[in-house]
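Trainee: Structure in structure tokens, see below.
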Amino acid sequence: MSICSNELAKPFDDISGTLKLELSSKFPDYVALLRMRNGFYGFESALHVFPGTHEHDDFNVFSWNEEKLWRESYGGMTDGHFFFAEDAFGGQFSLKEDGIYSFDPETGESQKMCENLSQWCDAILNDYDFLTGHSLMHQWQIAHGKIKQNQRLVPVIPFVLGGEFSVKNLRAQQSVTAMRARGSIAVQIRDVPDGGTIKLNVDD
Numbered sequence: 015m016s017i018c019s020n021e022l023a024k025p026f027d028d029i030s031g032t033l034k035l036e037l038s039s040k041f042p043d044y045v046a047l048l049r050m051r052n053g054f055y056g057f058e059s060a061l062h063v064f065p066g067t068h069e070h071d072d073f074n075v076f077s078w079n080e081e082k083l084w085r086e087s088y089g090g091m092t093d094g095h096f097f098f099a100e101d102a103f104g105g106q107f108s109l110k111e112d113g114i115y116s117f118d119p120e121t122g123e124s125q126k127m128c129e130n131l132s133q134w135c136d137a138i139l140n141d142y143d144f145l146t147g148h149s150l151m152h153q154w155q156i157a158h159g160k161i162k163q164n165q166r167l168v169p170v171i172p173f174v175l176g177g178e179f180s181v182k183n184l185r186a187q188q189s190v191t192a193m194r195a196r197g198s199i200a201v202q203i204r205d206v207p208d209g210g211t212i213k214l215n216v217d218d
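Just so you know, we're using this note's numbering here: the sequence shown kicks off at 15 and counts up by one.
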């Protein structure tokens, strides 16, 4: 884990409580990861793995998954997901009983990536640029400075609406604000057929 930051919270083994027991029961592989490093940023902050506990101003994995924080903006499209990490653009990675999924914040669509966390780690290491957005995060930080904690790079023109994957189309935005705004977009476009048109209400 030399490519990652220091852990974002105190060691997970020091934490007790009902939530930890529930997490250990459902997702033991994830708990094993937290015991190695309790939350971290990797690949120049392109990858953010949430810690299992609150520390400073960072969200933990439980607060990040609270329905009213941002999930309710997606109108049920986040049901069944337990989000544990995110890429440079706020694309989510989630744990489900049958494997690890990616979740597109602009469409609310999810896709199974692999069967378990070990396979997910291998996938990230083997294709980290594509799966985390590392190159654009690197270029953006050269131009604008280090991205702040709890921020992600969000397209000015959403990717799903034809926005470019380029530094000039990206701005840093608070993670929760970004997810709520894109949840609104996802809800508006989910029933639009291919080739259809829609007038979007886009929140800043």
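In this text, a Cβ means the ideal position worked out from N, Cα and C, and glycines have one as well.
Are the CB atoms of residue 193 and residue 104 nearer to each other than 9 angstroms?
Mentor: Taking 9 angstroms as the Cβ cut-off, residue 193 and residue 104 qualify as a contacting pair.
Trainee: Distance check for residue 171 and residue 198, CA to CA, integer angstroms please.
Mentor: Cα-Cα distance, rounded: 14 angstroms.
Trainee: DSSP beta-bridge partners for residue 128?
Mentor: Answer by DSSP bridge pairing, in chain order: 114.
Trainee: By DSSP, does residue 105 sit in helix, in strand, or in coil?
Mentor: Coil, per DSSP.
Trainee: Would the segment 132-142 count as touching the segment 154-166 if we require 3 or more Cβ pairs under 8 angstroms?
Mentor: Contact fails: fewer than three Cβ-Cβ distances are below 8 angstroms.
Trainee: To the nearest angstrom, how far is it from the Cα of residue 175 to the Cα of residue 113?
Mentor: Distance between the alpha carbons of residue 175 and residue 113 is about 29 angstroms.
Trainee: DSSP on residue 42, reduced to helix/strand/coil?
Mentor: Note: residue 42 maps to helix in three-state DSSP.
Trainee: Less than 7 angstroms between C-beta atoms, sequence neighbours within five positions excluded: which residues of the same chain meet that for residue 64?
Mentor: Excluding residues within five positions, the ones whose Cβ falls inside 7 angstroms are 53, 73, 74, 75, 78, 98, 99.
Trainee: How many Å lie between residue 153 and residue 188 at the Cα?
Mentor: Looking at the two C-alpha atoms, the distance is approximately 19 angstroms.
Trainee: How many Å lie between residue 109 and residue 41 at the Cα?
Mentor: If I take the Cα positions, the gap works out to 8 angstroms.
Trainee: Could you tell me which of 181, 116, 46 sits nearest to residue 13, measuring between CA atoms?
Mentor: With the chain running from 15 to 218 in the structure shown, residue 13 is simply not present.
Trainee: Quick one: what does DSSP say residue 184 is sitting in, helix, strand or coil?
Mentor: Three-state result, residue 184: strand.
Trainee: Which of helix, strand or coil does DSSP assign to residue 61?
Mentor: Of the three classes helix, strand and coil, the one that applies to residue 61 here is strand, per DSSP.
Trainee: Looking at the structure shown, is residue 174 part of a helix, part of a strand, or coil, going by DSSP?
Mentor: Residue 174: helix per DSSP, three-state reduction.
Trainee: Quick one: what's got a C-beta closer than 6 angstroms to residue 125's C-beta in the same chain, skipping five residues either side?
Mentor: Cβ within range, chain order: 116.
Trainee: Need the endpoints of the beta strand (DSSP E) that residue 56 sits in, please.
Mentor: Counting along the chain, the beta strand (DSSP E) containing residue 56 begins and ends at 54-56.
Trainee: Thinking C-alpha only, which one of 58, 111, 196 is nearest residue 128?
Mentor: The candidate whose alpha carbon is nearest that of residue 128 is 111.
Trainee: I'd like to check one pair, residue 59 with residue 195: are the Cβ atoms closer than 9 angstroms?
Mentor: In this structure, residue 59 does not lie closer than 9 angstroms to residue 195 by Cβ.
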